[in-house]
Structure formats: structure tokens, C-alpha cells
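Chains as they are written, first to last, in my numbering: chain A, 1 to 166; chain B, 1001 to 1461.
This report concerns only the one structure given below.
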Amino acid sequence: MKKLIGVYTDDVKLMNGIDKMVEEKVPVEDVITPFVIEELFEKLHIHSNIQLLAFFYGVMALIGTFSGLYYTFVIDYPLNIGGKPNLSLVFVILLFVLMVLTVVVLTVLTFFHQERLYPMKKPPFEYPGMHTDKFVVVVPVDVKEKAESIFSETGAIDIKEIEVNE
Amino acid sequence: MGNKSYTQITEDVLRHQESEPKWYSAPKWWWISFIVFFILMAVGLGYYVPRTIVKGIGEWGNNNQTAWGWAIINFVWWIGIGHAGTAFSIFLLVLRQKWRTSINRAAEAMTIFAVMAAGLFPAIHVGRPWDEFFIFPYGPNTRGLWVNWNSPLLWDVLAITTYLTTSFLFWYIGMLPDFATIRERSTGIKKKIFSALSFGFVGHLKTWRRFEDAVIIIGGLAAPLVISVHSIVSTDFSVSVLPGWHETIFPPFFVVGAIFSGFAMVLTLMIIIRKVYKLHEYVTDDHLDAIARIIIFVSLIMGSAYVIELFIAWYSSNTYEKYVFIDNYMFGDYAVPYWLMFIFNALIPQLFWFKKIRRNLVWLFVISIIINIGMWLERYNIVIPPTAQDFLPANWSEYSPTVVDIWIYLGTIGLFGVGTLLFMRFLPIMAMNELKQQAKRQTELNVEVDVYDIFEKKLVK
């Protein structure tokens, strides 16, 4: 699929460009940056549901772990150790540790799944320096003229059409 | 970092990799250290561990009294060191401490190798490692039994597995953007390897958003895990009825001790990395100063814990408790390791109150090594004296490690050294993406200060 990109080397110019795009209602499809720029999340309304999912995993892990412990230690094979209760404080430690393990593993898998990341995957496109010092703004080709003028006005060093593998 | 550009940051961090394009070309110091550590690892883990498995733990210095010898001392010591990565990286991440960025990656790598070294000891200490699957709750076993959830040794297995998994995933996810940077800058086989390692990572907006969320969640969960894992390790001891072990102070005491030894090891490692890779603009005097200040604080807690142990032993009026702490530790057969521990951990770090010492690399390095020796002695004092001389003097016996014990310990040092050296040679030793983010913030701050200065000057005029 064809896309138009504008490349910046300065993050201040990038932010000016993005402001201008938002102002002139040019749809910004993506911005590829070598590091996190939190201001962009606010400007372009980028959200993620990972925190919510992690909470859900936590609740499920607690219920699952408690049920497993209760079944193995209270119902199926109660051990009488010095008269200590089977449903004891031990559960708290194990619930916590196993909950952490489950949430961490599932959160990482969710991240990989949502981003379609897997070993040997080829990046959808590569622009030299986009992981070092270049900021690449991606817009659809149907707003080419408007976008090109904003890119050149705000100091993009390169503007061109590229093929992106979806 | 001064006013480094994003390209300069990348080049500085990857300089040692890119200036040595062939995989086997590394500086002389690297090869010498690698060979030394590799020999230790090969002999310790390649020969003495299989020998222990074949012949049994009768090969070790353990006896009827001291059933837990060097293996458990070294296990606790390594686990303590292993806590630094997470403690350093995650506590400071959760507390939004930006100065962590130059150091967190190396500290996390250290965690992985230290926890691997630690995990080896309980694994071989059980005597029949081939039956270890038995400890996992895989289902009722052949005798229809479930595992005993009340056993702290089982908690150990679960805690260490969780800790190793969490630390590894946190470390690996954090490296994805930097792997992508190396992929972009390399060619041939190296590019292929880093393409595989980077999982096709590209810094899309949505990716960064999810990345940030995932990292903060893993970090937020791993921070209390540091506390729970070492508390669990401490309960291995404190649930027993042995004087010297049966103490409620143990969980916080162990957690603080772990952070203490871990920070000391971070200091040792960062001084070496800074020196050999000439990264003094990234690992600055201020960074080392900050670590030294934390060490003073933690050392004071350690000192207080030692004094509280002595006080409680005296105040309890329990004959056995008093014997362990006052007759045995303070003035008895184990006075030398006890007082060395006290001096190394509670007194010598107080030298960091002096700015000149905090700013002197040699002093910092020497004291960090002394703390690590002190922390090993602390574990020695916890494990050996209470078991060697317990309730019945007729049973008392002396403990001394055998060659097998010593070599397995040296083997784990080799494993740690080899792992760290491979990390330093082939992986990004600093989180480039975080350094760049910090450089951006720094530039913004400088701009704000400039604007403020101009504004103020105009007002004055």
C-alpha cells in the first residue's frame, strides 16, 4: 500500500509539523520515532488497552490460583501438619507470586500479539535512520498536496511516497 | 550527557561493537578475562557439577550438623546480587528517577546471570536433580500426592522461577528497540541475527504506547516481587527452630541485604564498563555518587539490623539465642567472620559520607568489592555457626568446604563473568532509546532555562 512520508531530524520541528497537521485536519496515520515521545500520544489520541487487560489477567490469575490451591490443599489432599489449618496464610504468598508470573507472561504475549511481533519478522518498511535519529510521519497519499506543503513548511528533510507492507 | 545528539548517543553506545566488526575481534583485556572466567566455568560447572550429580552430595563438606553448607551460602549470595537489577531498574523506574537510564540495562543483565548462578545450587543440592519435576504441581503424582504448599522450599522454586522469568522478559522487551537500531546499522549475518532478535520491532506510535504500558506493568509487578522473593528465601531459615535462624527480623533483613549487595555489584560493574568503554559522559561521577549515597543509607539499615539481633538475643534471656549471638558470634569460634562482616558491611561503607571518597573511582571500586565480600561473610555467618554449634555440644562439628564446594562456587563466578562479558561484547550495554528520551528532556529543560533567562534579563532592564 502506498503512503506519503515526511522525515524530520529535529523533534521540535516534528512537533510543529504534527501541530500543523492536526490544525489543518490532515490525517496522521503514524509517526515512527527512535524513542518514546509522550506528547504525541496526547496530540494524536493514542491509547492502549494493555493496562486494562493486565488487570483482567490479574483477576483471572487470582481466581485460578486460589481455586487450584484450594482444590489441591483443602479438598483433594489435605495435609495435617501440626494442626495448622489447610486454608492458611501460605495462600497469600503463593497467590501473589503466581499472579505476578501469569500477568507478566500474558502481558508480554499480548504486546507481541497486538504488535504482531515474532522472531525473524521483517519490518513493514525501513527508512535509514528511523531507529537512530529520524522521525517519520506517515500520511495517506490522497492528502498528498496538503501534506507535502506542511512537511516542507515545517522543515522535513525528505518527502516521498513509499510502499508499506501491511 | 551534555548536549549529545541522538546519532552521537547511538554511536557512543555501539562504538565497541561497531569498531570490532568480526565476532571474534575484541580487545585483549576482554579475551583474557573471558578465558579466565570460561576456565572457571568449564571446570566448576562442566566437571564438578556432573561429578556431584554422579557421586552425590557426600562429595561436599556437609555433615550431620551442617546439612546446608556452601551451596546455600552461595545461593543466597547470588540471589541477593540478582536483586540489584530489578531493584535498581524497577524501583527507580517506578519512582521516575531519570538517572537510571545509563545503568539499568547492565544491572538487569547482571540480574539474569546472577539468578542463573543462584538457581543452580538448590537444583543440585537436592541430591537427585532428575526427580526435580516432582516439586512442580504437575498433578497428583504416582502416589496420588499433591505438592506440600506449606514448604518454603517450594515457595523458593516458584519465587525464583517467577523472578527469573519476569527479569528476563523485562530485560528482553526493553532491548527490542535497541536491537532494531543495531539491525538498522548492521549488514550480513549480524543483521540477520538482530532481525531475529528484534522481532521486526518498529517504533510506531501505537507500538511505543503499548511498549510503555507493558514495561510499567511488568516493572510495577516486579518491584514487590523483589521484596517477596527474598522474604521467601529468608523464611527457609526463619521457619526453623534453630537459634540464630528463628527470627522475625529475617524477611526485611534479607531484602535490605540483597539490595545492599546488589547495589555494590552494580557499582563494581559500572565502574568497569565506564572505564573500559570510556563512557564517563553516560556513567558520570554524579551517577556513582548517587549509588554511593544509597549504599550509605542501606548500610546504616544493615548496621542497625546487626545491633538489633545482638540486643534481642541479650534481651530475650534465651540461653541458646544468647549463645549464638554473644558467645559464638561476638567472642567465640566465629568471631573473625562475624566482626569482618560487621566492619565490611556496617562501618567501611560509612566512608561514603566523605565526598572525596564518593568521587574517587578507586575508593568506590575497592569499597564495592569489600561490601560483596562482607555480604558473602554475612551469609556464611547465618548458615554455618548456628548449625555447627546448636543445642547439644556433643553433636557439635566443624564445617569446612571441600574442593568440590569451592570449585562449584568458582564455576558460578565463571558463569556470571562469561555472561557479563558476552553481554558487554554483543548486546547494547545501555538503553539507547531511553538515553535519547532523556536527552530530549534535557534539551527542553535547557530551552526553558534559556527562555527564563532572557525573560528575566528583560525584566531587569
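For glycine and all other residues, C-beta sits at the position ideal for the given N, C-alpha and C.
- On the DSSP bridge assignment, give the partners of Asp142(A) in chain order. On the first sequence, position 142 is the one that residue 142(A) refers to. Its beta-bridge partners do not exist; DSSP assigns none.
- Do Val1418(B) and Phe1038(B) come within 8 angstroms of each other at the CB atom, strictly closer than that value? By one-based count along the second sequence, residue 1038(B) stands at place 38. By one-based count along the second sequence, residue 1418(B) stands at place 418. The answer is yes: Cβ separation under 8 angstroms.
- Item | Contacts around Glu1378(B), its chain only, beta-carbon distance under 7 angstroms, and the 5 residues preceding and following it disregarded | Residue mapping note: residue 1378(B) aligns to position 378 of the second sequence, counting from 1. Within the same chain, Glu1378(B) has close Cβ partners Gly1257, Met1341 and Asn1345.
- Task: Taking the CB atoms as reference points, tell me whether Leu1267(B) and Ser1368(B) lie closer together than 8 angstroms.
- Result: Residue mapping note: residue 1267(B) aligns to position 267 of the second sequence, counting from 1. Residue mapping note: residue 1368(B) aligns to position 368 of the second sequence, counting from 1. Yes, these two residues count as a Cβ contact at 8 angstroms.
- Message: Let me make sure I understand the geometry here. Which of Glu1309(B), Tyr1320(B), Thr1207(B) and Glu1434(B) has the alpha-carbon closest to that of Ile50(A)?
- Response: The residue labelled residue 50(A) in the question sits at position 50 within the first sequence. Out of Glu1309(B), Tyr1320(B), Thr1207(B) and Glu1434(B), Thr1207(B) has the C-alpha closest to the C-alpha of Ile50(A).
- Message: Within 10 Å of its beta-carbon, does Thr1187(B) have 16 or more other beta-carbons around it, so buried, or fewer, so exposed?
- Response: To locate residue 1187(B), count along the second sequence from 1; it is residue 187. Counting of Cβ neighbours within 10 angstroms places Thr1187(B) among the exposed residues, the total staying below 16.
- Does the beta carbon of Asp14(A) come closer than 8 angstroms to any beta carbon on chain B? Working through the first sequence from its first residue, we reach residue 14(A) at position 14. The question names Asp, but residue 14(A) in the sequence shown is Leu. No, its Cβ sits nowhere closer than 8 angstroms to a Cβ of chain B.
- Message: Alpha carbons only, please: which of Gly1127(B), Glu1321(B) and Asp1156(B) is nearest the one belonging to Phe1075(B)?
- Response: As a working note, residue 1075(B) is residue 75 in the second sequence. When the alpha-carbon of Phe1075(B) is set against those of Gly1127(B), Glu1321(B) and Asp1156(B), the nearest one is in Asp1156(B).
- Item | Top-ranked residue by Cα proximity to Trp1353(B), from Tyr1323(B), Ala1290(B), Asp1390(B) and Met1424(B) | Here residue 1353(B) refers to the residue found at position 353 when the second sequence is read from its first residue. With distances taken between Cα atoms, Trp1353(B) lies closest to Ala1290(B).
- Message: Check for me: the beta strand (DSSP E) holding Gly6(A) runs from which residue to which?
- Response: The residue labelled residue 6(A) in the question sits at position 6 within the first sequence. Note, Gly6(A): beta strand (DSSP E), Lys2 to Tyr8.
- Endpoints, the beta strand (DSSP E) within which Ile159(A) is located: Here residue 159(A) corresponds to residue number 159 of the first sequence, with the count starting at 1. First-last of the beta strand (DSSP E) with Ile159(A): Asp158 to Glu163.
- Using a Cβ-Cβ cut-off of 8 angstroms, state whether Ser1472(B) counts as contacting chain A. The structure shown does not extend to residue 1472(B), since chain B spans only 1001 to 1461, so no value can be given for it.
- Simplified DSSP assignment, three categories, for Asp1131(B): Against the second sequence, residue 1131(B) aligns to sequence position 131. Asp1131(B): helix per DSSP, three-state reduction.
- Going by the beta-carbon positions, is the gap between Tyr1329(B) and Tyr1338(B) smaller than 8 angstroms? Numbered from its first residue, the second sequence carries residue 1329(B) at position 329. Numbered from its first residue, the second sequence carries residue 1338(B) at position 338. At the C-beta level, Tyr1329(B) and Tyr1338(B) come within 8 angstroms of one another.
- Message: Given this structure, state the Cα-to-Cα distance separating Lys1275(B) from Asn1064(B), to the nearest angstrom.
- Response: Sequence index remark: in the second sequence, residue 1275(B) carries index 275 (1-based). Sequence index remark: in the second sequence, residue 1064(B) carries index 64 (1-based). Computed Cα separation, rounded: 47 angstroms.
- Within the 8 angstroms Cβ cut-off, does Leu62(A) reach chain B? Within the first sequence, the letter at position 62 stands for residue 62(A). Among the CB atoms of chain B, none fall inside 8 angstroms of the CB of Leu62(A).
- Item | Met1110(B) vs Leu1269(B) beta-carbon contact at 8 angstroms | Numbered from 1 along the second sequence, position 110 holds the residue referred to as residue 1110(B). Numbered from 1 along the second sequence, position 269 holds the residue referred to as residue 1269(B). Yes.
- Message: What does DSSP give as the partner residue(s) for Val175(A) in the beta ladder?
- Response: This structure cannot speak to residue 175(A), because chain A is shown only from 1 to 166.
- Message: Taking the beta carbon of Val171(A) as the centre, do at least 16 other beta carbons fall within 10 Å, making it buried, or is it exposed?
- Response: There is simply no residue 171(A) to check, as chain A begins at 1 and stops at 166 in what is shown.
- Message: Taking beta-carbon pairs under 9 angstroms, can you tell me which members of the region 1404-1437 of chain B lie near chain A?
- Response: Residues Met1432, Asn1433, Glu1434, Leu1435, Lys1436 and Gln1437.
- Message: Just to make sure I have the definition right: I need the residues of chain A whose C-beta is within less than 7 angstroms of the C-beta of Tyr1282(B). Which are they?
- Response: Here residue 1282(B) is taken as the residue at index 282 of the second sequence, counted from 1. Here the premise fails: no neighbours, minimum Cβ distance about 15 angstroms.
- Message: Going by DSSP, what residue range makes up the alpha helix (DSSP H) through Pro1224(B)?
- Response: Walking along the second sequence from the start, residue 1224(B) turns up at place 224. Element bounds for Pro1224(B): Leu1205 to Ser1238.
- Task: For chain B, find out if any of its Cβ atoms is closer than 8 angstroms to the Cβ of Asp158(A); answer yes or no.
- Result: Numbered from its first residue, the first sequence carries residue 158(A) at position 158. For Asp158(A), no CB of chain B lies under 8 angstroms from its own CB, so it is not counted at the interface with that chain.
- Query: Just the Cα atoms here: how many angstroms apart are Leu53(A) and Glu1212(B)?
  - Reply: In the first sequence, residue 53(A) corresponds to position 53, counting from 1. In the second sequence, residue 1212(B) corresponds to position 212, counting from 1. Cα atoms of Leu53(A) and Glu1212(B): separation of roughly 14 angstroms, rounded to the nearest angstrom.
- Fully enclosed by the region 1016-1053 of chain B, which beta strand (DSSP E) runs are 3 residues long or longer? You should have found no qualifying run.
- Message: So, for Pro1349(B): in the same chain, excluding its five sequence neighbours on each side, which residues have a beta-carbon less than 7 angstroms away from its beta-carbon?
- Response: The residue given as residue 1349(B) occupies position 349 in the second sequence. Excluding residues within five positions, the ones whose Cβ falls inside 7 angstroms are Ile1295, Ile1296, Ser1299, Ile1367 and Ile1371.
- Item | Integer Cβ distance of Leu1415(B) from Ala1117(B), believed to fall under 8 angstroms | Mapped onto the second sequence, residue 1415(B) falls at position 415. Mapped onto the second sequence, residue 1117(B) falls at position 117. With a contact defined as Cβ atoms closer than 8 angstroms, Leu1415(B) and Ala1117(B) qualify at about 5 angstroms.
- Task: Just the C-alpha distance for Leu94(A) and Gly58(A), rounded to the nearest angstrom, thanks.
- Result: In the first sequence, residue 94(A) corresponds to position 94, counting from 1. In the first sequence, residue 58(A) corresponds to position 58, counting from 1. Each residue's Cα considered, the two are about 14 angstroms apart.
- Is the region 99-106 of chain A touching the region 1155-1173 of chain B in the sense that three or more CB pairs, one from each, lie closer than 8 angstroms? Proximity of the region 1155-1173 of chain B to the region 99-106 of chain A meets the contact definition, three or more beta-carbon pairs being nearer than 8 angstroms.
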